[in-house]
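K.L.:
Going left to right, the sequence shown walks through residues 1 to 354 as full-length UniProt numbering numbers them.
The beta-carbon is built from N, C-alpha and C at its ideal position, and this holds for glycine as well.
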Amino acid sequence: MSESRNVAKALDALRHGWAIRVTGADGALDLLPAETAFAQPGIYAARLLISAARAATLKLANQRDAAVPEAPVMIHGAEPFSLNSARNLADPAQDLGSPLRGPFKADPIEAQDAAVAAMDMARLAGILPAFLISTGVEIAAEVSTEDLAAFKDPLNLTIQARARLPVHACEHAEIVAFRSRDDLREHVALIIGTQTSEREPVVRLHSECLTGDILGSLKCDCGPQLDAALARMAEEANAGGWGVLLYLRQEGRGIGLINKLRAYELQDQGFDTVDANERLGLPSEARDFPVAARMLDLLGVRSLRLLTNNPQKVATLQALGVEVTERVAHQLPANPHNQRYLDTKRDRTGHLLR
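Right, dumping it as structure tokens:
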């Protein structure tokens with residue numbers, strides 16, 4: 001069994017609520033996911049692995065200034081954690097209903113590498129980053145930090161299929177599908193116009209957004225950005241150029257659909273998009289840009305003009321060896337529902353929206 005397949009099994013186990021063992025260079029942890037585990041008599045744990053952001057919410061003073069919100073923190077309380085109490089602590093939506101908790105204390109993490117990997121695997125599985133430690137439940141899958149690195153290696157990604165696909169914006173288009181053997185996410189590229197080495201394409205990296213792309217959500221600008229990007233590429237094609245839309249299966253900037261909706265709930269309580277993600281114990285930016293670089297390489301795109309308002313996206317691609325010769329502005333009008341979202345992108349994540 002390949003290293004990356006070990007991770008695929010472990011992610012499946014986490015979604016089903018089964019216990020996994022994660023091993024790093026400094027030790028191992030037996031972990032039961034707090035969100036998805038099913039209730040069994042006698043399941044208790046003396047310790048709980050949560051994120052630094054959640055630890056700060058629980059008033060652990062030595063975690064208040066945690067620089068990395070998704071970093072792991074081990075806590076214990078006066079009594080062992082039940083599955084219900086662990087879920088209650090893991091979900092920030094419960095904070096208003098039960099604000100008085102604890103007292104809790106932070107413990108040293110002996111297997112730090114394994115704990116960091118566990119937080120990342122929770123994000124990849126789309127569950128809350130909270131685990132009961134050493135519950136005695138049967139281990140369903142074992143995985144190492146080296147396995148996780150192998151799973152995330154963008155070189156695993158290959159082209160699986162391609163076909164002509166006339167679309168509303170341009171009838172002359174081709175869709176190309178990419179997949180890694182052990183990762184079920186299928187990324188696609190839409191090539192608008194005729195690919196040629198004589199002209200640099202206009203390229204847009206677009207992360208999947210079910211609510212915006214399909215349902216027409218007004219809380220973000222994803223749907224309008226997608227439509228505008230295709231229209232811009234069609235203009236290029238009509239003028240003899242071409243464009244490439246990379247549609248990345250990284251919902252919610254990499255945190256998954258359900259956690260994105262949890263962030264929406266926190267936004268309704270007054271938190272902005274960055275704070276909402278961090279309150280969940282998740283990074284505000286978790287997209288896998290090496291995957292995008294790999295897709296471009298497989299398509300033979302060596303240099304491009306990037307359609308984006310985010311200078312960091314330009315810098316990240318350039319650091320991955322992609323030549324970005326121009327940042328093409330992609331600003332769209334706000335609406336009453338996404339004005340704060342766009343303000344947050346401008347003020348907290350460096351987007352150029354003025």
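What does the alpha-carbon distance come out to for the pair V291 and S4?
P.N.:
Each residue's Cα considered, the two are about 15 Å apart.
K.L.:
Looking at the structure shown, is L298 part of a helix, part of a strand, or coil, going by DSSP?
P.N.:
Note: L298 maps to helix in three-state DSSP.
K.L.:
For my contact list, L282 and R232 are in at a C-beta cut-off of 8 Å; report their separation, rounded to the angstrom.
P.N.:
So it is not a contact: roughly 31 Å between Cβ atoms.
K.L.:
So, does the region 31 to 40 touch the region 84 to 93, judging by three or more C-beta pairs under 8 Å?
P.N.:
Flag = yes, the region 31 to 40 and the region 84 to 93 touch.
K.L.:
Since A114 and A28 should fall inside the 8 Å C-beta cutoff, what is the C-beta to C-beta distance between them, to a whole number of angstroms?
P.N.:
That belief holds up - the Cβ atoms of A114 and A28 are roughly 6 Å apart, short of 8 Å.
K.L.:
Which residues in the same chain have their Cβ closer than 8 Å to the Cβ of A163, if we skip the five residues on either side of it in sequence?
P.N.:
These residues qualify, in order along the chain: E174, I175.
K.L.:
Using C-beta distances below 6 Å, list every residue in its chain close to N6, excluding the 5 sequence neighbours before and after it, in chain order.
P.N.:
Around N6: V143, D147.
K.L.:
Sort R279, G212, P41 by Cα distance to V137 and report the nearest one.
P.N.:
It is P41.
K.L.:
Taking D268 as part of the alpha helix (DSSP H), name the residues at either end of that continuous run.
P.N.:
First-last of the alpha helix (DSSP H) with D268: 257 to 268.
K.L.:
For G243, collect the residues of the same chain with a Cβ closer than 6 Å to its Cβ; drop the 5 residues on either side in sequence, then sort them by chain order.
P.N.:
So the list reads I192, P201, V202, M233, E236, once near-sequence residues are dropped.
K.L.:
I'd like to confirm something about L261: is its beta-carbon nearer than 6 Å to some heavy atom of the ligand HEM, or not?
P.N.:
As far as ligands go, the structure on display features none, and thus does not contain the ligand HEM.
K.L.:
Quick one: complete alpha helix (DSSP H) runs, 4+ long, within the region 66 to 109?
P.N.:
Segments of the alpha helix (DSSP H) lying fully in the region 66 to 109: 83 to 90.
K.L.:
Can you give me the C-alpha to C-alpha distance between S180 and R249, rounded to a whole angstrom?
P.N.:
Each residue's alpha carbon lies about 12 Å from the other.
K.L.:
Please report the straight-line C-alpha distance between L14 and A140, rounded to a whole angstrom.
P.N.:
Roughly 9 Å separates the two Cα atoms.
K.L.:
Does the structure place the region 103 to 112 close enough to the region 72 to 79 that three or more beta carbon pairs sit under 8 Å?
P.N.:
The answer is yes - the region 103 to 112 touches the region 72 to 79, with three or more Cβ pairs under 8 Å.
K.L.:
Using DSSP's beta-bridge definition, name the partner residues of H187.
P.N.:
In DSSP, H187 forms a bridge with F178.
K.L.:
Would you decide whether Q63 is buried or exposed? Buried here means 16 or more other CB atoms lie within 10 Å of its CB.
P.N.:
A caution first: Q63 carries a pLDDT of 45, below 50, which makes its placement in the model unreliable, though a value can still be read off. Buried, because 16 or more other Cβ atoms sit within 10 Å of the Cβ of Q63.
K.L.:
Could you tell me how far apart the beta carbons of T57 and R279 are, in whole angstroms, since I believe they sit closer than 8 Å?
P.N.:
Yes, they are in contact, since the Cβ atoms of T57 and R279 sit about 7 Å apart, within 8 Å.
K.L.:
Would the beta-carbon of M119 fall within 7 Å of that of P69?
P.N.:
It is not a contact, given that the beta carbons lie outside the stated cut-off.
K.L.:
Thinking C-beta only, is V314 closer than 7 Å to R327?
P.N.:
Result yes, Cβ atoms of R327 and V314 sit closer than 7 Å.
K.L.:
Please list, in chain order, all residues of the same chain as E323 whose beta carbon is under 8 Å from its beta carbon, the five residues on each side excluded.
P.N.:
Hits under 8 Å: R302, S303, L304.
K.L.:
Can you give me the Cβ contacts of H16 inside the same chain, cut-off strictly under 8 Å, excluding the 5 residues immediately before and after it?
P.N.:
Answer for H16: T36, A140, listed in chain order.
K.L.:
Can you tell me whether T316 is buried or exposed, with buried defined as 16 or more other CB within 10 angstroms of its CB?
P.N.:
By the 10 Å Cβ count, T316 comes out buried.
K.L.:
Please list the terminal residues of the continuous beta strand (DSSP E) segment that includes S51.
P.N.:
Here the beta strand (DSSP E) through S51 covers 44 to 51.
K.L.:
Would you mind stating whether M295 and L230 have Cβ atoms separated by less than 7 Å?
P.N.:
Their beta carbons are not under 7 Å apart, which means M295 does not touch L230 by this criterion.
K.L.:
So for R54, helix, strand or coil by DSSP?
P.N.:
The answer is helix: DSSP assigns R54 an H, G or I state.
K.L.:
If you count every other CB in all the chains shown that lies within 10 Å of the CB of P129, and 16 or more means buried, which is it?
P.N.:
Under this definition P129 is a buried residue.
K.L.:
When DSSP builds the beta bridges, which residues end up paired with I20?
P.N.:
In the DSSP output, where bridge partners are listed per residue, I20 has L31, A141.
K.L.:
Given this structure, state the Cα-to-Cα distance separating P336 from N259, to the nearest angstrom.
P.N.:
Taking the straight line from one Cα to the other gives about 23 Å.
K.L.:
Which whole-angstrom value is the C-beta distance of G24 and A111, which I expect to be below 8 Å?
P.N.:
That pair is a contact at about 6 Å.
K.L.:
Find out if the Cβ-Cβ distance for the pair R287, G254 is shorter than 7 Å.
P.N.:
Yes, the Cβ-Cβ distance between R287 and G254 is below 7 Å.
K.L.:
Check for me: the alpha helix (DSSP H) holding Q312 runs from which residue to which?
P.N.:
Looking at the DSSP string, the run of the alpha helix (DSSP H) that includes Q312 is 311 to 319.
K.L.:
Per DSSP, what kind of secondary structure is F151 in: helix, strand or coil?
P.N.:
In this structure, F151 counts as helix in the three-state DSSP scheme.
K.L.:
Taking 7 Å as the cut-off, decide whether the C-beta atoms of A177 and Q160 are in contact.
P.N.:
In this structure, Q160 lies closer than 7 Å to A177 by Cβ.
K.L.:
Among all the DSSP beta bridges, which residues are the ones paired with T158?
P.N.:
DSSP lists R179 as partners of T158.
K.L.:
If you reduce the DSSP assignment to three classes, tell me which class I127 lands in.
P.N.:
Here I127 sits in coil by DSSP.
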